[in-house]
Each structure stands twice: as C-alpha cells, then as structure tokens.
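Worksheet: the structure to be examined is printed underneath.
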Amino acid sequence: MTVRMSARRSERALPPVHGGDVDEVARTFGVPADRLIDFSANINPLGPPRRALMRLAREATDRSGLTRYPDPGYAELRQALAAAFRVAAAGVTIANGSVALIGAVTRTIAPRECLLATPAFAEYARALRASGCRVRRFPLEAAREFALDSDALIEALTKYRPPMCVLINPHNPSGALIPRPQMLRVLDRARRLKTWLVIDEAFMDYVPAETLVAEAVRSERLVVLRSLTKFYGMPALRVGYAVSSPSVAARIAAQLPPWPVTSLAASAAVEAVQDKQYARRTLVSVADQRRWLSRALGATGVTVYPSAANFLLLRLPATAPTSTRVRARLISDSGVIVRDCRGFDGLSNGRFIRVAVRQRDENERLARALGSVLEGVTHVR
C-alpha cells in the first residue's frame, strides 16, 4: 500500500463538484427540469416522511412560531437523536448539514497533518487545505473493490502517527462497507496513538448495526458525522449532526454560528428520526432495488462495485466513451443525470460514474439509457 503525501501549496485546487445540480443541467442542456431524473444525488426517492411533511405544514403557518428564533440548543432534536442511539444528548452537535460539521471539526482539532482515505468526499480535502493541514492520502484500490485494508491502515497510522485520520463508512463514492469489528480495531490503534479518528457515517442509516455512534460518546478522540437529510429524502432542509464526547461536542459547537439550523428544519428532522416505519420501508425498498439495478447495469457491460448504501459506483468499459461524454449523452438522449466521478481523487481517469438507487421505473429507465449509450462498445474489463 502506497501512502501519498501532498502539501497544500502543491495540491491542485479542484472546484467543489456535487450531485443534485438539476437546474444547472436543465439550463446547460436545454432540457426542462421536470423531464430530468437525477441519479447524481444519493437521496431517498421516497421523499420526506409523511410525519415530517405534516409538521412542516403545521409550523409553516404558525405566525407566533415564525416570529421566534430557533432554540439555540436544539434540545428536542438532540433528545430525539439521543433516544434513537441511546447516548447522552450532550454528545450531539446539530449543524447546517454534515458539510458544515466537516469544517467545524477540522477547526476544532486543528491537525497539522491528516491521513485521508481516498477517493473521498471533496469537502474533506477543501476543509483540510483551508486550515493549513497537510494531507497524507491512503488510497483505496479498485482492485479490492475499494474495501479498506484495515491492517494496512493500522500500519500507516503506526508509522506516520498523524494527528487526525478521516474515514467514510460506508465509503462514498463506492458504497463499500468497513465492518464494525475492523473499525473497532482501527479505533483501538488510533486511541493508543492519540490520533483523532473522524468517521463520516452519512449513509450509515442503510446499515445501522455497523455504526460507532455509541463509542463516540465515550471517546475523547472519536467524532462521528451523520446526515439527517439523505436517508430521509429532504436535502433542501440541510440538517446534519456530529456525535462525540460532551466536552468535544461543546468545542465543535463553538466553531459553528448561532442558530445554524432553522426551526422548521429541526422540527421536520425530529419527526423523521422518530418515524421507524418509514425507516423500515426504506431499508427494504433500497435493498431490493439495489440488487435489481446492480444486475441490470452489469448486463450493459459496466463493472458494478458492491455497495451497502443507496448508490452504486460503475466503471465504464475501456473502449467506452469517457465518463464526461457518457454523462452528457445520458442527459441529452434520455434526461438521466449521473455523477461523473472525475472530481474524486483517484478516479480522474474518466472511467467512473456513480448512480443513486431510485424506484423501479426510474431504475429501468437508467438501465435502458446506459445500455443504449454503450451499445456496440466492445466490453473490455
């Protein structure tokens, strides 16, 4: 395993690129937004839970409630999350999405160096660069289906003793899961080395038994980041949270602006967290559609990597058009938006795209569209 180091000055600063840019795609390609299907953002296609929508509708017309500032401590939401995970509410920090927490946690720890498993969500490298931190990359290999080699990671931690290490579990963009026993081994070594371990669990709702949330409350050097809007299908509301020890939670909160989340967003998140029926329905639906879509896309000649989340990473055949051209063709020909993965470190060769798992009729449309684009291509694996 080769671990790459890069200084801030030598890194090529890539602009932030994310999925979910439906309006921009519509303008660029001249396609009405209502004719596009967005597979680039990993959002629950079921949409927000009914309970969340009902509370939003009720509170949006409450004149007295709209004249008050949000509860600065977000006590109701923190208690709901604490009850869901059986942890202390004092260890929960609420923020305007997990992206805001990435910056806040980085400023809280202020590491001079970070070991970052890559490919990774682009906001980590941006936040680390902004704080003057040097990044030591720990590459996850396509040949291993982007599965973490925990022994190699532990060896790297022991050798370099970085002040901070960032892991994404399940991994984004591949969906590969690091099983809980492996994560506990990594956590134990990080604790012994006094390395801060930051784990992004934005998609852990799809494999809830694997979380390290309970361990985070008991550890002074473990922070777990979670999203409340991807699994619950409401990214417009921008709600995320961090779980850590109460003392670390207070330090993270000090790095955030006051009232980072609106009252309406926090209220909707409370209802979403408590809607267990919605969560069960989502898990069954996503697992079923992920299996179907993986088989259907594999039949087009792409390589489909195993995923524990609600998205799939695809490697295009060697003789296929580049990921950028495939994306453009899919939009122009079929109104299907996929994620071009060139912006992910280690996937810049134009061979990878990522697609969300949606409902069956939409998944069928994606499979047909990709098959059409790749028709006639010699499938070289």
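Per our numbering, residue 54 is the first one in the sequence shown, and the count goes up by one each step. Using N, Cα and C, we set each Cβ at its ideal position, and we do this for glycine too. Quantities reported herein were computed from a predicted structural model and do not represent experimental measurements.
- At least 8 Å separates the beta-carbon of residue 193 from that of residue 293.
- By alpha-carbon distance to residue 265, the top candidate from 88, 91, 319, 140 is 140.
- Within the stretch 328 to 409, the complete alpha helix (DSSP H) runs of at least 4 residues fall at 329 to 351, 376 to 387.
- Annotation: residue 403 to residue 355 spans about 13 Å, alpha carbon to alpha carbon.
- At the C-beta level, residue 218 and residue 171 stay beyond 8 Å of one another.
- Taking a cut-off of 8 Å for Cβ pairs, the stretch 251 to 262 and the stretch 355 to 370 touch, as three or more such pairs fall below it.
- Between residue 388 and residue 75, the gap from beta carbon to beta carbon reaches 8 Å or more.
- Rounded to whole angstroms, residue 330 and residue 324 show a C-alpha spacing of 12 Å.
- For residue 166, the uninterrupted beta strand (DSSP E) segment begins and ends at 166 to 171.
- In the pairwise beta carbon analysis, the stretch 183 to 190 is classified as not touching the stretch 132 to 152: fewer than three pairs are separated by under 8 Å.
- Here residue 138 carries a helix assignment [DSSP, helix/strand/coil].
- Counting every other CB atom within 10 Å of its CB across the protein chains shown gives residue 274 a total of 16 or more, marking it as buried.
- Taking a C-beta distance under 8 Å as the contact criterion, residue 178 and residue 169 qualify as a contact pair.
- Between the alpha carbons of residue 81 and residue 383 lies a gap of roughly 14 Å.
- For residue 414, the enclosing alpha helix (DSSP H) begins and ends at 413 to 427.
- Put simply, the stretch 111 to 119 does not touch the stretch 226 to 239. Fewer than three CB pairs are less than 8 Å apart.
- Nearest Cα to residue 400 within the set 332, 98, 195: 195.
- Contact between residue 407 and residue 369 fails: their C-beta atoms lie close to 12 Å from each other, not under 8 Å.
- Annotation for residue 291: 149, 150 place their beta carbon closer than 6 Å to its own, counting only its chain and skipping 5 residues before and after.
- Taking a cut-off of 8 Å for Cβ pairs, the stretch 296 to 314 and the stretch 96 to 103 do not touch, as fewer than three such pairs fall below it.
- Measuring C-alpha to C-alpha distances from residue 108 to each of 320, 416, 375 identifies 320 as the nearest.
- Residue 344 and residue 121 have their C-alpha atoms spaced approximately 47 Å apart.
- With a cutoff of 8 Å on beta-carbon distance, residue 418 and residue 207 are scored as not near each other.
- Distance between residue 94 and residue 409, taken at the CA atoms: about 6 Å.
- Scanning its chain for C-beta atoms nearer than 8 Å, with the 5 sequence neighbours on each side dropped, one finds around residue 210 the residues 168, 218, 239, 242, 243, 246, 248, in chain order.
- Where residue 253 is concerned, the enclosing beta strand (DSSP E) starts and stops at 249 to 253.
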